[in-house]
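In what follows, a structure is listed as structure tokens, so that the remarks can point back to it.
As structure tokens, this is what we get:
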């Protein structure tokens, strides 16, 4: 006879798999999702305002992009060729070191990320698509 607890566990297991998060949780997972193209802007203002210091046109075959501006305070993905895109801002070159902040582009919405004086420490970026 099948135990009731075992039967319940079997029935609930597929639901638990569906409820599992699909977003990358580590930098290694982020890199393994898919390539995208995106524009990443560096701003002098804290709310993605002020002067637009640069627009990095991220290409899907890049592994990282090195760029540093001491006056950068906030960052945003302003365009992407996919609906769910992330970019990580690193404190070292070539996408190495610590992640200072993660940027998000979701269904066309620009989400501003304020970094403050830490924006001067951003030396490189990496971008990826999620759920590709």
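Residue numbers (mature numbering (1 follows the signal peptide of the UniProt record, and there is no 0)): -19 to -1, 1 to 113. Glycine included, every Cβ here is placed at the ideal spot set by N, Cα and C.
Roughly how many whole angstroms lie between the Cα atoms of residue 38 and residue 62?
Going from the Cα of residue 38 to the Cα of residue 62 covers about 11 Å.
Own chain partners of residue 94 with C-beta closer than 7 Å, once the 5 adjacent residues on each side are dropped
The residues are 55, 56, 57, 82, 84.
Identity of the residues DSSP links to residue 48 by a beta bridge:
According to DSSP, which records beta bridges pairwise, residue 48 is partnered with nothing at all.
Taking Cβ positions, are residue 66 and residue 19 nearer each other than 7 Å?
The answer is yes: Cβ separation under 7 Å.
In the DSSP output, what is residue 83 paired with across the bridge?
Bridge pairing for residue 83: 69 [DSSP].
At which residues does the beta strand (DSSP E) containing residue 108 begin and terminate?
Start and end: 105 to 110.
Residue 63 (DSSP reduced to helix, strand or coil):
The three-state secondary structure of residue 63, taken from DSSP, is coil.
So the candidates are 68, 90, 113; which of them puts its Cα closest to the Cα of residue 46?
Nearest to residue 46 by alpha-carbon distance, out of 68, 90, 113, is 68.
Report yes if the CB atom of residue 24 is closer than 7 Å to the CB atom of residue 31, and no otherwise.
Remark: C-beta atoms of residue 24 and residue 31 approach each other more closely than 7 Å.
Contacting residues, own chain, Cβ-Cβ under 8 Å from residue 101 (five flanking each side not counted):
The beta carbon of residue 101 sits closer than 8 Å to those of 49, 50, 51, 52, 53, all from its chain and outside the five residues before and after it, given in chain order.
If you count every other CB in all the chains shown that lies within 10 Å of the CB of residue 29, and 16 or more means buried, which is it?
So residue 29 ends up on the buried side.
Are the CB atoms of residue 110 and residue 15 within a distance shorter than 7 Å?
Yes, they are a contact pair.
Out of 41, 72, 59, 91, which one is the CA nearest neighbour of residue 113?
The candidate whose alpha carbon is nearest that of residue 113 is 41.
Looking only at its chain, what residues have a beta carbon closer than 8 Å to the beta carbon of residue 97, apart from the 5 residues adjacent to it on each side?
Non-local C-beta neighbours of residue 97 in its own chain, meaning closer than 8 Å and more than five positions away in sequence, comprise 27, 54, ordered along the chain.
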